[in-house]
Amino acid sequence: MDFHILGPLEARTDEGVVRLGGRRQQRLLAMLLIHVNKVITLDRLVEGLWDEAAPPTAHAQVHNAVWALRRTITKAGGDGDSIVTEPAGYRLVLPDDRLDLNRFWAEVQTGEKAEADGHPAEAMEALSAATALWRGPALAGLRTGRAIDAAATGLDEQYLLAVERLSELRLRLGQADELVIQLTSLVSEHPFREPLRALLMLTLAALGRQTEALTMYEEGRRLLADELGLDPGKRLREAHAQILRGVPLEPSPVTPGRPRRLPAGASDFVGRSADIDQVLTEVRRGLSGPLIITAIDGMGGVGKTALAIRLAELLDHDYPDGMYFIDLHGFSVKERPRTPEAALDVLLRQAGTPVELVPPGLTERAERWRSMAVGRRIIVVLDNAVDAAQVRPLLPGTSEALVLVTSRRRLTTLDSGRPVSLDVLSSAEAVALFRRIADRPTGDPSAIEDVIELCGRLPLAIRIAGSRLRHRPAWTVADLAERLRETRRRMHTLTVDDVSVYTTLWLSYETLSERQRETFRLLGIHPGQNFDRYAIAALTGLSVDEAEQQLESLCDCNLLLQPVAGRYQLHDLVRDCAKQLVETEEAEPGRDEATGRLFDYYLYLAHLHCSPMARKLSLFEPEIPSGPVAVPPARNEVEAIGLLEIEYQNLIAVASLAQASGWSLHSWQLPCVLRPFLERMNFRVAWLDLFEGAFVAARQLGDPRGESTALANIAVIRRELGQLTEAIELLRRALLISQAAGDQSGEAYQTADLGITYVRIARYREARECFRIAHNLSETLGSTRDVGVLINNLGFVAADLGEFPEALEQFLRALSINRKTGFRQGEALSLANIGRLHGHFQRYPQARSHLTEALSLSREIGYRFGEGWALAWLAALHRREGDLASAIELGRLALEVGAAAGIADVECDALNCLGETYLALGDLETAADLHRRAGSLATSRDLILEMARAVEGQAHVALRNDEQAEARQLWNRALTLYPEPLADQAHAQAHLADDDARCGRCAVG
């Protein structure tokens, strides 16, 4: 599927134009295409769709619009999954050739390159192809909001710049006759655009129509004066003067003596289109302004020099008086950084100054250099600078010059410097570079993806890897990927002759201060992807402020990335370098001390922020060898959850490292102390191996509390995976250990977990007995919060058994206790259960009120389990009331929450509810599909009630299709699934008793 935004928004397949949804869906697609292959946050999408008038449900409506857009694309034969859900928002992933904007940029760059290489006819052909892609103003018809209008206006400006450049070329190549009509129309549309008016004047003069040309100037002068109070600009005045003098219109040829000292640009240069466009736009916008300095920074091997040379080549036409290039050796293996005095000697001789006339001192050389540059349009590339002090004396003293500086450090103190910080290549750019360097059929695309990711998408690493493959005919791309997987082999593979990724990075390390070096080395111990100043303060033994200073200084040296404010990250290959350095330059005792501090930090962080969420039965004080340390503060439970979510991957990595390194105490305590958080967010399968490792570590230490706690956590994960028999067996083992150790808290908690597991397989009598035992133990231990939870659980059992008055009484008691103890998670569940019960008796206002409050509270505290159930039950409530549109919207949200949090029973409930809603809408095919999906998932997780409900849903579809025998057979089958008499059986029983019955699953209104 191809997409078009250079004109009205369009999506096309081989079958023709795709009919997109409503205006909101179109604007959503436009926003995603404007930011194609980049993450666009939910807030940006909301701004793009509503400006400042966003409704409270804006985020939910965006999710729905994305779902609908995916469905539209898929139905039209496209890939709906190309809209990728990201933690911060969404990203539309498209190959470059599937969007007309990307094709436009590619043709423009081809044209600029051809012109720079002295091939004007080829440049004209490319720019003609670029402008031919436009079908009118960008995103015409959708520019009612600020965000889309601003982006589209910028695109329109790029179109006009391309038209102007193309017109210049056509004029030079003698196409004035054809050009005059187009330019006349464009000047009429854009009367204040001086470059277009100047081009029309020159074109008229080239046709011998000087009087009309001068009249065109006078009209422009009056218009600017009357409407804007301005005089004509330099471009218009120069065209006017040229016509008055009768000077030939062809540009003057380049003089033979023009200095051009650039090294050869890479013939295989790829990517960087956004950076190139940014610099070209800024430079050409400021051609008549002060001295332009573009400071390109980035880590070693990221392609700074290649970009600087590429930019100089593209700007060759704009700076006709010469190009200068000097390597300042700021980071070189065999050379010390050039002094400014030595650098000026090179520049002056490049400019043609005889050696005997080069002044002796720095001041005199700088003055001579500046005086030589006055009035000349030159480009100066100062490559590989060590700092701003090395650069300042080399700056020309003229506003006509352009200076391109490259450095591994951010030159923040360079006056007037416009920073361009280079990141690694995008995936598409990296693949293109690898293919070009390998210069042979590369086969399996997934193997190529592996290689470029193992190279960290760093251009130098990709070039070396591609060169390796090119010179090893017997290797496949998979062979190369295998050599890159293990750190030490990767270091060898990414070295060819005297070119090495790690030598390049080591040069950056060598320029650091001793404190910076020590900090950088110790970062090699941290196992996570990113970290904050508190973690590094613990790792290094510095204060938090000192740690932040060190991290910021390493960012300035481009040895650290800062993906978001306050978080820092090592590039994968830089991490390899740090790991090697900490192993070779840090003594083992020092490494162990730093590792212990880091483990203690994460254990204390987890304990401090999980404690407010924990119930008394599951709370324990971990043993932290170094005691309390500085951690990010949290003012409340919501902030604590937010901090733990940010550190989630680090907590996994640290627990894994502790277990792999034999730190037994941290190996069991860290996973187990996190239970309240993991329970709040729903258990992640990723923790199964870690809890199994925790059990082994606790057994090695002879700690029965650790053993039983780890086993119970393993059981809960097994339960979430649908492995209910194993979960029951594990919980019984944990109970035996707790009982033998006299651990009543563990016994109560594990008995409650056993009860929840029995609920999952609809063994309610056994579940009720477990909850009663746990309730009595909790009362004995004085754990009021746990008492409230268990009363709520007993109410849930009573409701499913059809004992509704008792259920309501238990829920109300639980709500009161949860509110008194401040246990908001329990409060949310009690509210949801009360709402569900009111819905059963068709007390819809009360049901909606309680469920809405439960939803709001769950979202406030980040309780995904409560949010999922509240959404699912609200969806069912709206379906019963006849508000089918809201039922579908809420059901989809419940489905998203269940899938994202791994809560299978919420997913099943949402799928079944959506099926029942589509049945009410008369869409029997969709209803049947949703019930089949629910049944399949419920069967895989052994969720009895959802399995039965899915079968009942298929029975409803069969009945609507006049397949009465099939429907009765399915209702009978549903009844056989229930292991004991339950309230839900009434739905199937009603239909079997009366062919015209309406049950709670199908009744509407």
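Quick note on our numbering: the sequence shown kicks off at 341 and runs consecutively. We treat Cβ as the ideally placed atom computed from N, Cα and C, and that holds for glycine.
By alpha-carbon distance to L899, the top candidate from I719, W1027, R857, L983 is R857.
Contact between A461 and L513 is confirmed by a C-beta separation of about 7 Å, below the 8 Å threshold. 9 Å or more divides the Cβ of I488 from the Cβ of L542. Using a Cβ distance threshold of 9 Å, A725 and L751 count as a contacting pair.
A1067 places its beta carbon less than 9 Å from that of A1055.
Per DSSP, reduced to three states, the secondary structure at N724 is strand. Between N404 and R1232 the beta-carbon gap is near 6 Å, inside 8 Å, which marks them as a contact. Going by beta carbons, G1122 and N1158 fall outside the 9 Å limit. Per DSSP, the unbroken beta strand (DSSP E) holding D637 starts and ends at 632-637. Around the beta carbon of P972, 16 or more other beta carbons sit within 10 angstroms, so the residue counts as buried. Around the beta-carbon of H832, fewer than 16 other beta-carbon atoms lie within 10 Å, marking it exposed. Nearest to A463 by C-alpha distance, out of T524, S507, G864, is S507.
With a 10 Å radius around the Cβ and a threshold of 16 neighbouring Cβ atoms, G356 comes out exposed. For P929, the three-state secondary structure derived from DSSP is helix.
Per DSSP, the beta bridge partners of R758 are T634. When DSSP states are grouped into helix, strand and coil, T851 belongs to the coil group. In this chain, Q890 is not harboured by any beta strand (DSSP E); it is covered by the alpha helix (DSSP H) spanning 884-896. Counting every other CB atom within 10 Å of its CB across the protein chains shown gives V1246 a total of 16 or more, marking it as buried. Separation of G361 and P477 (C-alpha to C-alpha, rounded to the nearest whole angstrom) is 21 Å. With respect to I345, L439 sits close: the two C-beta atoms are nearer than 9 Å. The beta-carbon separation of V358 and R352, rounded to 7 Å, stays under the 8 Å limit for a contact. A distance of 9 Å or more separates the beta carbons of A1314 and A1343. Around the Cβ of D916, a 10 Å sphere holds 16 or more other Cβ atoms; the residue is buried. The residues G1179, Y1184, A1187, R1188, L1191, in chain order, have a CB closer than 7 Å to that of L1217 in the same chain once the five nearest residues on each side in sequence are set aside. DSSP places V424 inside the beta strand (DSSP E), whose first and last residues are 423-425.
Within the same chain, and ignoring the five residues on either side of I981 in sequence, the residues whose Cβ sits closer than 6 Å to its Cβ are G1202. Per DSSP, reduced to three states, the secondary structure at E826 is coil, with no helix or strand assignment. Taking L765 as reference, the option from L798, L863, D784 with the minimal CA-CA separation is L798. Counting the other CB atoms within 10 Å of its CB gives E854 a total below 16, which places it among the exposed residues. V1013 is classed as buried because its beta carbon has at least 16 other beta carbons within 10 Å across all chains shown. Uninterrupted beta strand (DSSP E) stretches at least 3 residues long and entirely within the segment 379-456 occur at 423-425, 429-432, given in chain order.
For the pair L1332 and W1311, the CB atoms are nearer than the 9 Å cut-off. With fewer than 16 other beta carbons inside 10 angstroms of its own, D779 counts as exposed.
In the structure shown, D615 adopts helical secondary structure according to DSSP, grouped into three states.
Take the alpha-carbon of G485 and the one of L1230: they are about 27 Å apart. DSSP, reduced to helix, strand and coil, places D1083 outside both helices and strands of the structure shown, so it counts as coil.
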